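2 protein chains.
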Amino acid sequence: MPQPQLPEPAHAQVDSMLSRKFGKEIANYFSGSPLNRVSFLRTDHAFLSAALRHPSTSFLLFNSLSPLARDPTKLEYASFKDVQPLVGDDPYSKNEEQMVSEYNSSVTVPQLLFLGLDEREKSGFEWTIYHGSPYFALDVTPKGTICSTAEKLIESMKSRGLQFVEGRMHMSLPAEQAAIYAQARALLDWNARNPFCAQCGQPTLSINAGTKRTCPPKDLASLINTTSIGSTTATTPTADRPDCATRKGISNLCFPRTDPTVIMAVVSADSERILLGRQKRWPKYWYSTLAGFVEPAESVEEAVRREVWEESGVTLGRVVIHSTQPWPYPANLMIGAIGQCTPGGEEILLKHDPELEDAKWVTLAEVKEALHVGTSGLGEEAGEGYKEGGLRLPPRTAIANQLLSAVTGGFLEGGNGGSKM
Amino acid sequence: MPQPQLPEPAHAQVDSMLSRKFGKEIANYFSGSPLNRVSFLRTDHAFLSAALRHPSTSFLLFNSLSPLARDPTKLEYASFKDVQPLVGDDPYSKNEEQMVSEYNSSVTVPQLLFLGLDEREKSGFEWTIYHGSPYFALDVTPKGTICSTAEKLIESMKSRGLQFVEGRMHMSLPAEQAAIYAQARALLDWNARNPFCAQCGQPTLSINAGTKRTCPPKDLASLINTTSIGSTTATTPTADRPDCATRKGISNLCFPRTDPTVIMAVVSADSERILLGRQKRWPKYWYSTLAGFVEPAESVEEAVRREVWEESGVTLGRVVIHSTQPWPYPANLMIGAIGQCTPGGEEILLKHDPELEDAKWVTLAEVKEALHVGTSGLGEEAGEGYKEGGLRLPPRTAIANQLLSAVTGGFLEGGNGGSKM
């Protein structure tokens, strides 16, 4: 399968003293969204209401985290008219204060996200000094009180020859669509994973156009339940809920979670070999760079050294961060680094944390050759020119590939060694 | 107040091709822990049990997130004998499977964390190929069924002339103690913020020596409650709890949360000025670099450009990551970057996201002078030589200071421009 182009963010490659010293910026797959998130407008319901109902507005629909698409290489969008039966005439007619005070956990509200404005499109949509085509995402998974309306919407999309594409789409979408998909998927998944407050256990409400969840002080559902089931206690029915610490000041629990992850190309002390590892479930001959989660109160540089030692026994000195990649399965931020071994620190020991089936040192020449003929997604065949038994590596859409390309392309000598096409 | 030394991690400064090209690694305050976390041993209860009860073991106690200390410049540790009345003879006598199956949400279990081994200390503690003095942290906040035992422990510590130091300790602890404190504080705070499962709303159980929370399928408390209060329904009392998605496969909700944050020194297109901003609540003349949270599905480089534009209207091109800093208030990973303006992109506009009271361009010479005489913590006086009206900046323990030092120290020309002392 041909690999998609990598993104080219608008300003990243402007010539500057910084770019002359450090080389071109590597923009990894899933980054490079064309949308301006105008994040400060997410609480402005007059703006959201106007953007939602503009004729130029695009809605990316998801059914159980699978996006609507023509095929796995092209997302398709719905219009406001399409989604109106599900979201109503104006879900932003009330402000957030009203929404919180009228919270009722027994009513299913379809999850809607404002993604941003595509300022390149002269759509006629304007709001004070901002303009462009608005983009939203909408979860149409049939559930709760919206079940049958959602099912009808899904059927009407399928009748147009469209489908909800399952699985990971990271090998096939063009870069800009991949970035829009990643933003929507990450936020829908976060909302779906956090219907309850981790601080107090009570149901939460989505606000800020899908980018915040709050723990309301009242729930009208408790009034309804008390009335319909009948209370066995002597207390007066009330919508008030128990106190919650997240209502005082700012709690990070109310905001989307992103898990920082380190992924690193490890170079030998003599700069001539690279450390690669493999997991048991991977295809034969397929290796990659080492990776792992950043722990609390650890710098990225320390996390790189700890993970490399734990997984391979190898001891690293200087670590330099190369580039980063959002990874929406479910919510990782991959921080790509290059680290160099301490002299004598190259001995491999897999038994500390037995996560890898194998780890080995490979010459720069062998890695370079594999980057040329042996790259592919995990479920795909290697490229043309690959000979059975040769090293296989991740595709260009993976930051591991970019890190290896950087090292074999001269990162330690000069420039950033990127392998952009 | 004298500023503490910055950390010097063991291997980071070993000479290598990477360090010759990129200069010395900047290790920021709160990183540089002397402990080996041996994270893969956290599920091994035989190891934890032996480590906990070894005579060389140190326990860092926290009361409502305030650590035990001699004074704000020196942490103090308790011994196993001190904490035994609270934690019991061996809280690791049962394995995790047993703990989960016997889960009872009505019993308060004091939160205990295994932090790691200090391998420099010849303590006599050995476990297979690992050795060193074990470090644990323990939450002694009086609450629930452990209230009076915890109060007694607190009193016995105070009777030794020790105190639980309130507030942020980031200005005064020596670097290695600051890193141990940061790890313990971040993990205790995460456990305290997440007593319930965000996926299903039910209480959760701490496992993996304080680094994981699980949603048990049974809760013995529901049996007890049903029996003592008396059930009004016809169902048989059961300890079984409703299904939860976090019990199938791996859920990130079970693991500590770390929020990636960007903080950036912004350089003008001609490389002669730096962009600084200030918040209204800061002392007069006090400025810093801009900063903000990374959003879902955004690379670090994109987050830097977005935040700078949203807060100041300035447009950035190339962004390079300089160094990182853990920040345990409550769980941030500060990713420090240096970005350069696009030509003509320097115009300041504060009205997009009105978070800053002011933003301005300052010459490199003025920043250099302020780094020399005008640095301090937010609540402190500026240093000697500072003249009223001059620029004030954050202290060396803040990554903002390191980024500004890098730029004024020649980061764009060569080396990393760090200002280590």
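Sequences listed follow chains D and S, in order. Under the UniProt record's numbering, residues 1 to 421 are what the first sequence spells out, in order. Under the UniProt record's numbering, residues 1 to 421 are what the second sequence spells out, in order. C-beta atoms are modelled at their ideal positions from N, C-alpha and C, and glycine is treated no differently. None of these values were measured; they are calculated from a predicted model.
Helix, strand or coil, according to DSSP, for residue i in the structure here?
i	result
P325 of chain D	Strictly speaking, residue 325 of chain D in this sequence is Gln, with Pro absent from that position. The answer is strand: DSSP assigns Q325 of chain D an E or B state.
Y130 of chain S	strand
I274 of chain D	strand
C341 of chain S	strand
S288 of chain S	strand
G317 of chain S	strand
D353 of chain S	coil
Q5 of chain D	coil
T363 of chain D	strand
G389 of chain D	coil
T149 of chain D	helix
F196 of chain D	strand
By Cβ distance below 7 Å, which residues in the same chain neighbour residue i in space, the five residues on each side in sequence not counted?
i	result
M334 of chain D	T261, I263, T324, Q325, W327 and I399
residue 447 of chain D	Nothing in the structure corresponds to residue 447 of chain D, since chain D is present only between 1 and 421.
S228 of chain S	In this prediction, S228 of chain S has a pLDDT of 46, which is less than 50 and means its spatial position is unreliable; what the coordinates show is noted afterwards. If we look at S228 of chain S and ignore the five residues flanking it on each side, it has no Cβ neighbours.
K212 of chain D	C254 and F255
Alpha carbon to alpha carbon, how far is residue j from residue i? Give it in angstroms, no decimals.
i	j	result
Y329 of chain D	V83 of chain S	41 Å
M157 of chain D	S64 of chain D	15 Å
G344 of chain D	T145 of chain S	53 Å
A209 of chain D	L112 of chain D	7 Å
L290 of chain D	Q279 of chain D	10 Å
L371 of chain S	A192 of chain D	46 Å
F80 of chain S	R160 of chain S	16 Å
C341 of chain S	L316 of chain S	4 Å
A406 of chain S	L6 of chain D	31 Å
R306 of chain S	G88 of chain D	32 Å
S231 of chain D	T149 of chain S	Its pLDDT being 47, under 50, S231 of chain D is placed unreliably in this model, and the coordinates cannot settle the point.
residue 442 of chain S	T128 of chain S	An answer regarding residue 442 of chain S cannot be provided, because it is not within the stretch 1 to 421 covered by chain S.
A27 of chain D	H54 of chain D	32 Å
T258 of chain S	E298 of chain D	10 Å
H11 of chain D	S33 of chain D	12 Å
S31 of chain D	H131 of chain S	43 Å
P394 of chain S	F59 of chain D	44 Å
V308 of chain S	P296 of chain D	26 Å
A303 of chain S	N332 of chain S	15 Å
R168 of chain S	N401 of chain S	18 Å
A265 of chain S	R396 of chain S	15 Å
I321 of chain D	G201 of chain S	38 Å
L162 of chain S	L188 of chain S	21 Å
F40 of chain S	K24 of chain S	30 Å
L48 of chain S	Y92 of chain S	7 Å
Since residue i meets chain S, which of its residues come closer than 9 Å, beta carbon to beta carbon?
i	result
C197 of chain D	F196, A198 and G201
A406 of chain D	Within 9 Å Cβ-Cβ: nothing; A406 of chain D doesn't reach chain S, min ~12 Å.
R193 of chain D	A198, Q199, A245, T246, S251, N252 and L253
C259 of chain D	It should be pointed out that residue 259 of chain D corresponds to Asp in this sequence rather than to Cys. By Cβ distance, chain S contributes N252, F255, R257, T258 and P260.
Give the interface partners of residue i over in chain S, defined as CB-CB distance under 7 Å, in chain order.
i	result
M17 of chain D	S271, Q340 and L412
I321 of chain D	I321
F302 of chain D	Checking the displayed sequence, the identity of residue 302 of chain D turns out to be Glu instead of Phe. Chain S residues near E302 of chain D: P9 and S31.
Under 6 Å Cβ to Cβ from residue i, same chain only, skipping five residues before and after it: list those, please.
i	result
P174 of chain D	P4
L153 of chain D	L86 and V140
R392 of chain D	Y285, W286, G374 and A382
P216 of chain S	V100, Y103 and L205
P142 of chain D	A150 and E151
Chain D partners of residue i, CB-CB under 9 Å?
i	result
H131 of chain S	Simply none; closest approach about 14 Å.
residue 491 of chain S	No answer is possible for residue 491 of chain S: the residues shown for chain S start at 1 and end at 421.
P4 of chain S	Here the premise fails: no neighbours, minimum Cβ distance about 16 Å.
Residues of chain S with CB under 8 Å from residue i, in chain order?
i	result
S39 of chain D	E295, R306, E310 and D353
E357 of chain D	What E357 of chain D touches in chain S: nothing, since even the nearest Cβ is about 16 Å away.
N28 of chain D	S299
P326 of chain D	P296, A297, E298 and S299
Less than 8 Å between C-beta atoms, sequence neighbours within five positions excluded: which residues of the same chain meet that for residue i?
i	result
Q199 of chain D	C215, C244, A245, T246, S251 and L253
L404 of chain D	A265, I274, T289, V367, L371 and L393
Name, please, each residue of chain D whose Cβ falls closer than 8 Å to the Cβ of residue i.
i	result
F47 of chain S	Within 8 Å Cβ-Cβ: nothing; F47 of chain S doesn't reach chain D, min ~13 Å.
T57 of chain S	Under the 8 Å cutoff, chain D gives no residues; its nearest Cβ is about 20 Å from T57 of chain S.
Do we get a CB-CB distance below 8 Å when we pair residue i with the residues of chain C?
i	result
E388 of chain S	Judged by its chain identifiers, the structure shown contains no chain C, and its protein chains are D and S.
With contact counted as at least three CB pairs below 8 Å, one residue from each stretch, are the region 271-291 of chain S and the region 347-364 of chain S in contact? Three or more beta-carbon pairs drawn from the region 271-291 of chain S and the region 347-364 of chain S are found closer than 8 Å, and the two stretches are therefore classed as touching.
At least three beta-carbon pairs within less than 8 Å, the region 98-108 of chain S to the region 118-129 of chain S: No, they do not touch.
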